[in-house]
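The listed protein sequences correspond, in order, to chains Y and V. For the first sequence, our numbering begins at 1 and goes up steadily by one. For the second sequence, our numbering begins at 1001 and goes up steadily by one.
Protein chains: 2
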Amino acid sequence: MEKQSTEEKIKAAARKLFIEKGFAATKTRDIAEEADINIALMNYYFKSKEKLFDAILEEAFQYFPGKLISILEEEISIEEKVTKFVTTHSEMLKSNPLVPIFVLSELRNNPQKFVEKIGMHEILTDGVLVNQLREESAKGNIKKISPIHFLINMISLTVFPFIIQPALLTLENLNTDIFNNLIDERKQMIPEILMNQIRI
Amino acid sequence: MEKQSTEEKIKAAARKLFIEKGFAATKTRDIAEEADINIALMNYYFKSKEKLFDAILEEAFQYFPGKLISILEEEISIEEKVTKFVTTHSEMLKSNPLVPIFVLSELRNNPQKFVEKIGMHEILTDGVLVNQLREESAKGNIKKISPIHFLINMISLTVFPFIIQPALLTLENLNTDIFNNLIDERKQMIPEILMNQIRI
DNA sequence: TTTTTTTTCAATCATTTGATTAAATAATTT
DNA sequence: AAATTATTTAATCAAATGATTGAAAAAAAA
Chain Y
1 MEKQSTEEKI
11 KAAARKLFIE
21 KGFAATKTRD
31 IAEEADINIA
41 LMNYYFKSKE
51 KLFDAILEEA
61 FQYFPGKLIS
71 ILEEEISIEE
81 KVTKFVTTHS
91 EMLKSNPLVP
101 IFVLSELRNN
111 PQKFVEKIGM
121 HEILTDGVLV
131 NQLREESAKG
141 NIKKISPIHF
151 LINMISLTVF
161 PFIIQPALLT
171 LENLNTDIFN
181 NLIDERKQMI
191 PEILMNQIRI
Chain V
1001 MEKQSTEEKI
1011 KAAARKLFIE
1021 KGFAATKTRD
1031 IAEEADINIA
1041 LMNYYFKSKE
1051 KLFDAILEEA
1061 FQYFPGKLIS
1071 ILEEEISIEE
1081 KVTKFVTTHS
1091 EMLKSNPLVP
1101 IFVLSELRNN
1111 PQKFVEKIGM
1121 HEILTDGVLV
1131 NQLREESAKG
1141 NIKKISPIHF
1151 LINMISLTVF
1161 PFIIQPALLT
1171 LENLNTDIFN
1181 NLIDERKQMI
1191 PEILMNQIRI
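The following block contains the structure:
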């Protein structure tokens, strides 16, 4: 374990707590304690709790969605793309299972910000996947489907289990390992479901 | 508009704000202002902010999931059941579109409570739908499927659009009417997807 | 080494927040 | 009407919270 800079310690602690409890429920003193630093240092490095939150969000947005969106833009078949997207997304979520709850609960404060950062509009109108779905159905290779429904279905089926994960894990016969097994099963199942729907 | 009792005014205001902003971000003074009452009345009627929250949650749980769970227990075919469940659920969510974000973001504070209230364990082990899926696949009428995946898929596909609704509504070409149209389309689409998956 | 700059700290500030009090008003009972 | 009970209010409290200060310590530059 190499020594972290104070700035990194603060970010790591804040990231953990914001994700676990949300912005409003995370107190500056919680962050200071978790990071094992003096409260004043939080303001010294980040000016305010809000700016710290923004900094963390900014970083997360740089890494997290970019990787997924680039998959949507690859020039591979729809089936390959769906499989790759769902697999990659599932693995990312297995490493960061609390992220979906965090995103959805902060979404209500500033939905615009999230939409812009992800580039949702472009994905839905000009994205390669959207065009593939249009072209292939025009050629008669797949059933006609509304791209927005197809995307919503794909993301719903992948993300939602993580949203209810805290609930599922309270069941006696369900622990993290079993949950992750379910997710692995879904990496095969979800593409099958989606392709089933459009296969002629 | 008939006159509301003070207690009802407080509950209505609190319900609105808790759902919009969550527990931690909703301040007692916000509730008092929204309800147009003196702050002391909140404590007079409900003792504390937390007890007020619990009272509202209690009421919501009495109404909301009960109706859906009873559908799962009806003695009708799987296809009828899925269609009825998804339709009813969608209509309920159209009337209360912010409920999923509220429920799921408060879930992290006390997942046990939610699981118990819904009776999740019973649904997953002894529920009529779960048994139907087992029996029909044993008879060879449908493909073998893990009931937990089937339920997760059904609920994911229905609920998730409402989770991203605030984001979707920021898009220029998407308003509430168009969103509700999408949901209506999904009332047909989701049962098709689910039955496609298990049809032999 | 001395000076300067950067980083850290304990103490404290001002505001916000959940809650309470005691008095005033309204409603109900006798 | 008088007495009693229930409801409402303005004022206030104590704790929590986000942020700041000025001095001390550590690091870097001269």
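Every residue gets a Cβ at the ideal spot worked out from N, C-alpha and C, and that includes glycine.
Please give me, in chain order, every unbroken run of the alpha helix (DSSP H) with length at least 4 that falls completely inside the segment 159-198 of chain Y.
165-168, 176-198
Closer than 8 Å to chain V by CB, residue 104 (chain Y)
By one-based count along the first sequence, residue 104 (chain Y) stands at place 104. With 8 Å as the cut-off, residue 104 (chain Y) counts as an interface residue toward chain V.
Show which residues of chain Y have a CB atom less than 7 Å away from the CB atom of residue 1055 (chain V).
Mapped onto the second sequence, residue 1055 (chain V) falls at position 55. Within chain Y, no residue comes near residue 1055 (chain V); the closest Cβ sits about 20 Å away, beyond 7 Å.
Does DSSP classify residue 1 (chain Y) as helix, strand or coil?
Indexing the first sequence from 1 puts residue 1 (chain Y) at position 1. Residue placement at residue 1 (chain Y) cannot be trusted, given a pLDDT of 44 that sits under 50; what the coordinates show is reported in the next sentence. It is coil, neither helix nor strand.
Which first and last residues belong to the alpha helix (DSSP H) in which residue 1202 (chain V) is found?
Outside the modelled stretch of chain V, which goes from 1001 to 1200, sits residue 1202 (chain V), for which no answer is possible.
Can you tell me whether DSSP reads residue 142 (chain Y) as helix, strand or coil?
Position 142 of the first sequence, counted from the start, is the residue given in the question as residue 142 (chain Y). In this structure, residue 142 (chain Y) counts as strand in the three-state DSSP scheme.
Should the segment 187-195 of chain Y be regarded as contacting the segment 81-101 of chain Y, the criterion being three or more beta carbon pairs within less than 8 Å?
yes
Taking all protein chains shown into account, do 16 or more other C-beta atoms lie within 10 angstroms of the C-beta of residue 1110 (chain V), making it buried, or fewer, making it exposed?
Position 110 of the second sequence, counting from 1, holds the residue named residue 1110 (chain V). It counts as exposed.
Step through the CB atoms of chain Y and report whether any lies within less than 8 Å of the CB of residue 1108 (chain V).
What you label residue 1108 (chain V) is simply residue 108 of the second sequence in a count that begins at 1. Residue 1108 (chain V) counts as touching chain Y.
How about residue 1161 (chain V): is its C-beta nearer than 8 Å to some C-beta of chain Y?
Position 161 of the second sequence holds residue 1161 (chain V). Answer yes: the Cβ-Cβ gap between residue 1161 (chain V) and chain Y drops below 8 Å somewhere.
May I ask you to report which of helix, strand or coil DSSP gives residue 48 (chain Y)?
As a position in the first sequence, residue 48 (chain Y) is number 48, starting the count at 1. Coil.
Would you call residue 1001 (chain V) buried or exposed, if buried means 16 or more other Cβ atoms sit within 10 Å of its Cβ?
Counting from one through the second sequence, the residue named residue 1001 (chain V) turns up at place 1. Annotation note: pLDDT 43 at residue 1001 (chain V) (below 50); position unreliable, no value reported.
Step through the CB atoms of chain V and report whether any lies within less than 8 Å of the CB of residue 167 (chain Y).
Reading the first sequence from its first residue, position 167 is the one you call residue 167 (chain Y). It does: the Cβ of residue 167 (chain Y) has a partner Cβ on chain V nearer than 8 Å.
Contact list for the segment 1022-1041 of chain V against chain Y, Cβ threshold 7 Å:
1022, 1024, 1025
Residue environment, residue 1158 (chain V), which counts as buried when at least 16 other CB atoms sit within 10 Å:
Counting from 1 along the second sequence, the entry for residue 1158 (chain V) is found at position 158. It is buried - the Cβ of residue 1158 (chain V) has at least 16 other Cβ atoms within 10 Å.
What distance in whole Å lies between the Cβ atoms of residue 1183 (chain V) and residue 1105 (chain V), which are believed to be in contact at a cut-off of 8 Å?
As a first step, residue 1105 (chain V) is located in the second sequence; it is residue number 105 there, counting from the start. As a first step, residue 1183 (chain V) is located in the second sequence; it is residue number 183 there, counting from the start. Actually they are not in contact, since the Cβ atoms of residue 1105 (chain V) and residue 1183 (chain V) sit about 21 Å apart, beyond 8 Å.
Give me the chain Y residues within the contact set of residue 1185 (chain V), using Cβ-Cβ distance strictly less than 8 Å, ordered along the chain.
Looking up residue 1185 (chain V) in the second sequence gives position 185. The contacting residues are 146, 149.
So, is residue 208 (chain Y) buried or exposed, given that buried needs 16 or more other C-beta atoms within 10 angstroms?
Outside the modelled stretch of chain Y, which goes from 1 to 200, sits residue 208 (chain Y), for which no answer is possible.
For the segment 1115-1144 of chain V, which residues have a beta carbon sitting closer than 9 Å to at least one beta carbon of chain Y?
Answer set for the segment 1115-1144 of chain V: 1115, 1116, 1118, 1120, 1121, 1124, 1125.
Would you say the segment 1124-1143 of chain V touches the segment 1064-1077 of chain V, given that touching needs at least three Cβ pairs under 8 Å?
In short, these stretches touch, since the Cβ pair count reaches three.
State yes or no: is the C-beta of residue 28 (chain Y) within less than 8 Å of the C-beta of residue 19 (chain Y)?
The residue you call residue 28 (chain Y) lines up with position 28 of the first sequence. The residue you call residue 19 (chain Y) lines up with position 19 of the first sequence. No, Cβ-Cβ distance for residue 28 (chain Y) and residue 19 (chain Y) is not below 8 Å.
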